[in-house]
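Visitor: The structure that follows is given in the form of structure tokens.
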Amino acid sequence: MIRFERVTQGPVRNLSFDLERGATVKILFDSEDRKNILFGLLAGLRRPDSGKILFFGEDLFAHAENERLALFRRVGVVPADGGLISNLKAWENLLLPAWYHRGLTAEQAERPVAEMFEQLEPGEGGLKQRMGDLPGQLSLYERRAVALARAMLMEPDILIYDFTFAGLDRDAAQQLMKLTGGFH
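So the sequence shown is residues 26 to 209, counted in this note's numbering.
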């Protein structure tokens with residue numbers, strides 16, 4: 026599904042690996058800078074200086090931008106900070122990609138979102154009650170949970186997340202791990 030062939034970008038040199046369907050991989054770097062470069066390469070935000078990045082057997086940067094974006098509709102990306110739009114409420118952030126890319130209405134998305142939130146916080150309350158809040162009013166856990174649910178709502182073939190569990194207490198990290206465990 027993802028293949029890096031001798032990819033070099035800045036201080037990240039000659040990186041080669043294959044990630045197949047169902048793989049769960051934790052990648053550690055000796056610096057935040059190198060980690061950010063890899064995340065940018067995986068997210069299609071950075072072009073390698075040399076080498077090839079293949080998604081689904083396609084050379085990512087051999088395509089025009091619109092074709093590359095079409096490939097990325099099959100990829101869910103969750104940045105460390107959640108990547109939420111600051112002036113949109115949590116529910117708007119959650120549903121925006123599904124409305125835009127999949128044409129889902131709020132009603133169509135309601136069931137899968139409710140199922141995800143039930144995994145995160147059984148019963149009433151919690152994150153469900155925070156959907157009308159702006160991202161700045163949400164805790165780190167809540168921002169990451171919304172971002173993860175948003176990515177999963179797109180039903181991607183690949184889910185890439187950056188430090189989803191870092192900085193969270195054990196219970197919060199376990200809740201997010203439970204949600205990612207249900208992915209494919």
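Every residue gets a Cβ at the ideal spot worked out from N, C-alpha and C, and that includes glycine.
Nothing here was measured: the structure is a model prediction, and the numbers come from that model.
Let me know the secondary structure DSSP gives GLU180 once reduced to three states.
Guide: In the sequence shown, the residue the question calls residue 180 occupies position 155. Note: GLU180 maps to coil in three-state DSSP.
Visitor: To the nearest angstrom, how far is it from the Cα of GLY108 to the Cα of VAL171?
Guide: Position 83 of the sequence shown, counted from the start, is the residue given in the question as residue 108. Position 146 of the sequence shown, counted from the start, is the residue given in the question as residue 171. Going from the Cα of GLY108 to the Cα of VAL171 covers about 10 Å.
Visitor: Can we say the segment 163 to 179 touches the segment 187 to 199, given the rule of at least three CB pairs closer than 8 Å?
Guide: yes
Visitor: For PRO104 and ILE183, what's the separation of their Cα atoms in angstroms?
Guide: Here the question's residue 104 lines up with position 79 in the sequence shown. Here the question's residue 183 lines up with position 158 in the sequence shown. Rounded to the nearest angstrom, the two C-alpha atoms are 14 Å apart.
Visitor: Return the chain-ordered ranges of every alpha helix (DSSP H) run that is complete within the segment 39 to 75 and spans a minimum of 4 residues.
Guide: 57 to 67
Visitor: Which residue from ILE185, LEU129, GLN133 and TRP116 puts its Cα closest to that of ASP158?
Guide: Numbered from its first residue, the sequence shown carries residue 158 at position 133. When each option's Cα is compared against that of ASP158, the closest is TRP116.
Visitor: Determine the burial state of ILE27: buried for a count of at least 16 other Cβ atoms within 10 Å of its Cβ, exposed for fewer.
Guide: Position 2 of the sequence shown, counted from the start, is the residue given in the question as residue 27. It is buried - the Cβ of ILE27 has at least 16 other Cβ atoms within 10 Å.
Visitor: Looking at C-alpha atoms only, which residue of PHE188, GLU180, LEU53 and HIS126 is the closest neighbour of MET141?
Guide: Here residue 141 is taken as the residue at index 116 of the sequence shown, counted from 1. The candidate whose alpha carbon is nearest that of MET141 is GLU180.
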